[in-house]
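Chains H and G are the protein sequences, given in the same order. Quick note: the numbering used here has the first sequence finishing at residue 250, numbered continuously throughout. Quick note: the numbering used here has the second sequence finishing at residue 1259, numbered continuously throughout. Heads up, the thing below is written out as structure tokens.
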Amino acid sequence: MNHLSPEDLVAHLIDADPTIAVHVATCPECQEQVAWIREATGQLRAAAPSRWTETAQCLSEAAVAAFVDGQSTGAAHEATVAHLAGCGRCRAMVAAVARLATTAAVAREAPAARPLWRRWQVPVAAAAAVLLTVVAWPHGNDQIGTGHRAPTITAAAAPVPLAPVAAVADARVLRWSAVPGADRYHVTLFDAGGRVRYETQLADTVAALPDSVALVPGQSYLWSVEARIGWDRWTSSPLTEFSVVRAPRR
Amino acid sequence: MGEPWIAPLEAGDSEAAWDLFIERYRRLVFSAIRHYARDYDDVMDVFAHVCTALRADDFARLRRFLAEPDHRAKFSTWLVAVVRNQTIDWFRQRDGRKRLTALAAALPPLRQRIFELVFLDGRTHLETYGLLRARDRPDLSFHDFLGELTATYRAVSAGRQGRLLVELSGPLPDLPAEAPEDDPATRPELSALLTKALDALPAEDRVAVQLYIVEEMPAEHVARVLALPNAKAVYNRVYRALATVRASLERVGVHRGDL
Chain H
1 MNHLSPEDLV AHLIDADPTI AVHVATCPEC QEQVAWIREA TGQLRAAAPS
51 RWTETAQCLS EAAVAAFVDG QSTGAAHEAT VAHLAGCGRC RAMVAAVARL
101 ATTAAVAREA PAARPLWRRW QVPVAAAAAV LLTVVAWPHG NDQIGTGHRA
151 PTITAAAAPV PLAPVAAVAD ARVLRWSAVP GADRYHVTLF DAGGRVRYET
201 QLADTVAALP DSVALVPGQS YLWSVEARIG WDRWTSSPLT EFSVVRAPRR
Chain G
1001 MGEPWIAPLE AGDSEAAWDL FIERYRRLVF SAIRHYARDY DDVMDVFAHV
1051 CTALRADDFA RLRRFLAEPD HRAKFSTWLV AVVRNQTIDW FRQRDGRKRL
1101 TALAAALPPL RQRIFELVFL DGRTHLETYG LLRARDRPDL SFHDFLGELT
1151 ATYRAVSAGR QGRLLVELSG PLPDLPAEAP EDDPATRPEL SALLTKALDA
1201 LPAEDRVAVQ LYIVEEMPAE HVARVLALPN AKAVYNRVYR ALATVRASLE
1251 RVGVHRGDL
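Now the structure itself:
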């Protein structure tokens, strides 16, 4: 019988691959391996050091960011790794920043920039050629360089909320006017207390509220739409208020 | 860096620089804050706290970042790190011990104690177990403790600050499916042996194990920060590190089932 590779065993431990699970279920040797790794994992987690203790040697936010971006190199990288090996606080910060920076809601607001990876050096001429190609080619979030979000163009046409507006009998569908050249809309629904009740991005000019968003008759809600009218440029509608009227009693 | 707010900042026009900066990054800052706080008032207050921190001492934080010898990190990643730290800072300042304790008011007494030790005092799980046995429940088995710990995490996670509290207190250890033969007296000793075996590994291997297993970072992220070629290399590195630890433990008479 072919046993699982170390990579498969460790990956299965976290990601629970069903194909691997079938093999493990029928293979005593692999079961023993998985059981040991699982025990060691549990013990490591139980023995994790406190994350609350900050020392003078703890990493700066810039050092953590460079490490998370895969940009720390040379002696600085070695010093960072050596510190992380013994510091629960900084390891937690690295994991949290990596997680937060790649969370969809945060990532979509991050400027479309990616640092040049110095770790794998390329000939200068080739790098220049790649850079020229990238700059000349309109990209989304994969653009290389240090460009960042451009300011909102306030003079551009803004989307106009069409429905619901004011008191309406039904408000399960939000509609707004199309903006010439817009390829994406970001719609946000707030309750009267300013809490975000729903938000989504889509290419259409209609958004149906999911059933999980309950609108209470008689209460006020606000919504707005932003239209993306160019690379990293958005134009916003005014906040529009509406309420759902109570159904008449029969 | 191609940032329009840098020129006015360096020219001494701080307010113009701030206007350009906040216009550009307002949405990113709000998104990062909303990862931890859902309440509208909290979000607005944390936003104000972040702005104050960034503007403090004539924009000292931003100036320090700009003064780095070369801008190795993406500015947005750095800003996310700042926002995360300031959000934690704000919750700690505002909530304090009294308000956080109110979160645990509905829990049974043992879970309240666990909440206090883990989430307020920042004790590790093993320290918490040791303190509970020494002061509150001498008969508490480790298996039962893990069950109570799990229930406490579950209750805390349901609250609006749960994500932040759990992030600060670390991942929950796996609850064994069956109660092991529990010998609480030896558990701290086993933990010390495991820590010692882990400490004998090269720093990079230790970081790979800790980030992947304890911090639950995706293997792709671990590969990127440690300059490994891919996720498969991380799995391999973790396996080899654990095998080394296992061999070290077996040399001192600790075998599977003892852990």
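Here a beta-carbon is modelled for each residue, glycine too, at the ideal position from N, C-alpha and C.
Name the chain G residues whose beta carbon is nearer than 7 Å to that of Thr103/H? His1035
Taking all protein chains shown into account, decide if Glu1003/G is buried (16 or more other Cβ within 10 angstroms of its Cβ) or exposed. With 16 or more other Cβ atoms inside 10 Å of its own Cβ, Glu1003/G counts as buried.
Could you tell me which of Ala1247/G, Val1209/G, Arg1061/G sits nearest to Arg1237/G, measuring between CA atoms? Val1209/G
So the alpha helix (DSSP H) Tyr1036/G belongs to, where does it begin and stop? Per DSSP, Tyr1036/G belongs to no alpha helix (DSSP H) and is neither H nor E.
Quick check on DSSP: helix, strand or coil for Asp211/H? coil
Check the Cβ-Cβ distances between Thr235/H and every residue of chain G, and say whether any is below 8 Å. no
Mind pulling the chain H residues with CB within less than 7 Å of Trp1078/G? Glu61, Ala62, Ala65
Which of the three DSSP states is assigned to Asp1042/G in this structure? Here Asp1042/G sits in helix by DSSP.
Less than 8 Å between CB atoms is the rule here; does Leu1196/G satisfy it with respect to chain H? Here residue 1196/G turns out to be Lys, not Leu, going by the sequence shown. Chain H, which has no Cβ nearer than 8 Å to the Cβ of Lys1196/G, makes this no.
As assigned by DSSP and simplified to three states, the class of Trp176/H: strand
Locate the alpha helix (DSSP H) running through Ser1248/G, then write down its first and last residues. 1231-1251
Secondary structure at Arg1137/G, three-state DSSP: helix, strand or coil? coil
Proximal residues to Ser1076/G (C-beta, below 7 Å), its chain only, five neighbours per side dropped: Leu1028
By a C-beta neighbour count over all protein chains shown, 10 Å radius and 16 as the cutoff for buried, is Lys1196/G buried or exposed? exposed
Grab me the residues of His83/H's own chain with a C-beta within less than 8 Å of its C-beta, minus the 5 sequence neighbours each way, in chain order. Gln57, Cys58, Leu59, Cys90
Hey, could you find the ends of the alpha helix (DSSP H) Val106/H is sitting in? 104-107
Can you tell me whether Ala136/H is helix, strand or coil according to DSSP? Unreliable positioning characterises Ala136/H in this predicted model, as indicated by a pLDDT of 32, which lies under 50. A coordinate reading is not provided.
Based on DSSP bridge pairs, tell me the residues matched to Ser224/H. Thr188/H
Indicate whether Ser72/H and Ala85/H have their beta-carbon atoms separated by less than 8 Å. no
Answer yes or no: does any C-beta atom of chain H fall closer than 8 Å to that of Tyr1153/G? no
Kindly list the residues whose CB is nearer than 7 Å to the CB of Ala1151/G, restricted to its own chain and excluding five residues on each side of it in sequence; keep chain order. Arg1111
Could you tell me whether the Cβ of Ser72/H comes closer than 8 Å to any Cβ of chain G? yes
Determine the chain G residues that contact Glu29/H at a beta-carbon separation under 8 Å, and present them in chain order. Per Cβ cutoff of 8 Å: no residues; Glu29/H is ~13 Å from chain G at best.
Residues in the same chain with beta-carbon distance under 7 Å from Ser1014/G, minus the five sequence neighbours each way, listed in chain order, please. Asp1058, Phe1059
Closer than 8 Å by beta-carbon distance: list the chain G residues that pair up with Ile20/H, in chain order. Residues of chain G passing the Cβ test: none, with the nearest at roughly 12 Å.
Can you pull the chain H neighbours of Val1252/G, defined as C-beta to C-beta under 7 Å? Those do not exist, as Val1252/G stays about 15 Å from chain H at its closest Cβ, beyond 7 Å.
Members of the region 1109-1139 of chain G near chain H, C-beta cut-off 9 Å: Answer in chain order: Asp1121, Gly1122, Arg1123, Thr1124, His1125, Leu1126, Glu1127, Tyr1129.
Within a Cβ cutoff of 6 Å, which residues of the same chain sit near Trp1005/G, ignoring the five residues on either side of it in sequence? Around Trp1005/G: Ala1017, Leu1020, Phe1021.
Select from Leu1009/G, Leu1193/G, Tyr1212/G, Val1043/G the residue whose C-alpha is nearest the C-alpha of Arg1251/G. Leu1193/G
Simplified DSSP state of Ala1227/G, which is helix, strand or coil: coil
What's the C-alpha gap between Val1234/G and Leu1228/G? Those two C-alpha atoms are separated by around 7 Å.
If the cut-off is 7 Å on Cβ atoms, which residues from the region 1042-1057 of chain G count as contacting chain H, listed in chain order? Within the region 1042-1057 of chain G, no residue has a Cβ that lies closer than 7 Å to any Cβ of chain H.
Run through the region 1-35 of chain H for me and flag every whole alpha helix (DSSP H) of 4 or more residues, listed as ranges in chain order. 6-15, 18-26
In chain order, what residues of the same chain lie with their CB nearer than 7 Å to the CB of Asn1230/G, ignoring the 5 residues before and after it? Ala1223
Where Ser60/H falls: helix, strand or coil (DSSP): coil
Could you say which of Ile1033/G, Arg1206/G, Asp1205/G lies nearest to Glu109/H if we only look at CA atoms? Ile1033/G
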